[in-house]
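Asks: Have a look at this one before I ask anything.
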Amino acid sequence: MPAPISALLRYLLFALLLLIGTAVVVLWTLPAAYLYQHFDKALAPLRLQGIDGTLWQGNAAQISYAAVPLGRLQWTLARTPLLGGSADGELELNGAAMVGKSQFSAQRHRLDLTNTELSFPASLLAPVLDIPALVLLGTVSVTLSAITIEHGIVQSIQGHLVWDQLGVGGAAAATLGSLRVDFEPRPDGRIIGRIRDQGGPLRAKGTVELKGQHYQLEVELDARAGAEQIRETLLYIGERRADGGSLLRVTGNLQKLF
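Count the sequence shown with this note's numbering and you get residues 24 to 281, in order.
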């Protein structure tokens with residue numbers, strides 16, 4: 024190979040390596056706030072404010088969903104999986120009311136969450152349960168081994184939810200005990216949650232079904248022997264049954280997550 028051509032190839036190779044190295048350094052240190060400016064519309068109705076740090080490790084002073092503030096979000100992102108087209112990392116949420124953490128793996132239009140733990144006040148369930156006369160009390164703790172979300176819609180859930188210190192205020196006040204919901208996916212695409220009480224004055228048994236954006240809840244509620252006084256509270260929940268208990272039926276649609 025003639026010397027001029029060989030020198031030119033070496034020069035081009037050096038220039039290419041220099042460009043790649045520069046791109047890597049820029050990406051390595053690129054501010055997260057700069058990236059968010061280009062993808063904020065795709066993440067709506069999620070919104071981040073007060074962003075600091077880089078793509079790989081950073082935080083947002085406030086994350087909100089549909090204008091509801093949730094708290095401070097921190098994240099770490101592994102670098103190697105990006106070579107295979109996946110973004111893997113960890114999230115941690117710390118809010119005045121909501122606290123949680125999760126591992127995640129994101130690909131185009133798909134998000135997988137694992138080892139998810141979340142705690143929040145039961146009052147946040149009010150729009151889903153639709154019991155306007157009562158104020159929901161207590162704390163909800165969520166422990167999920169796996170969640171799959173595609174195109175902003177939940178496709179699969181494995182894990183459970185516990186509603187501790189279950190109570191209501193408002194038109195009728197009562198302390199009712201605790202509830203547990205165990206979630207599992209079905210082959211037909213449905214997600215079924217089995218609802219049962221965990222002792223206390225309230226007896227509860229039912230299911231919640233989620234498919235796509237549509238959900239349907241049906242649960243039978245009644246007082247245990249010796250706790251008949253809570254039946255006055257049950258008058259405000261669902262439909263009155265002949266045996267003195269209540270049947271709560273709720274259907275609705277969930278907004279896309281992103």
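Idealized CB from N, CA, C, for every residue including glycine.
A quick note: this is a predicted structure, and the numbers were derived from the prediction, not measured.
Three-state secondary structure (DSSP) at K279?
Replies: coil
Asks: Restricting to Cα atoms, I'd like to know which of P68, P92, I154 and D245 is closest to G229.
Replies: D245
Asks: Assign P104 to one of three DSSP states: helix, strand, or coil.
Replies: helix
Asks: Measure the alpha-carbon distance for T274 versus P208 and round it to whole angstroms.
Replies: 19 Å
Asks: Taking its Cβ as the centre, do 16 or more other Cβ atoms sit within 10 Å of L233, making it buried, or is it exposed?
Replies: When all chains shown are included, L233 counts as buried.
Asks: In chain order, what residues of the same chain lie with their CB nearer than 8 Å to the CB of D266, ignoring the 5 residues before and after it?
Replies: D245
Asks: Who are R219's beta bridge partners in DSSP?
Replies: Answer is R203 and K228, bridged to R219.
Asks: Apart from the five residues on each side of it in sequence, which residues of its chain come closer than 6 Å, Cβ to Cβ, to V231?
Replies: G216 and L240
Asks: Give me the residue from A119, G192 and T103 with the minimum Cα distance to G94.
Replies: A119
Asks: Answer with buried or exposed for A67, where buried requires no fewer than 16 other C-beta atoms within 10 angstroms of its C-beta.
Replies: exposed
Asks: Consult DSSP for I3 and reduce its assignment to one of helix, strand or coil.
Replies: With the chain represented from 24 up to 281, any question about residue 3 goes unanswered, as that position is not in the structure.
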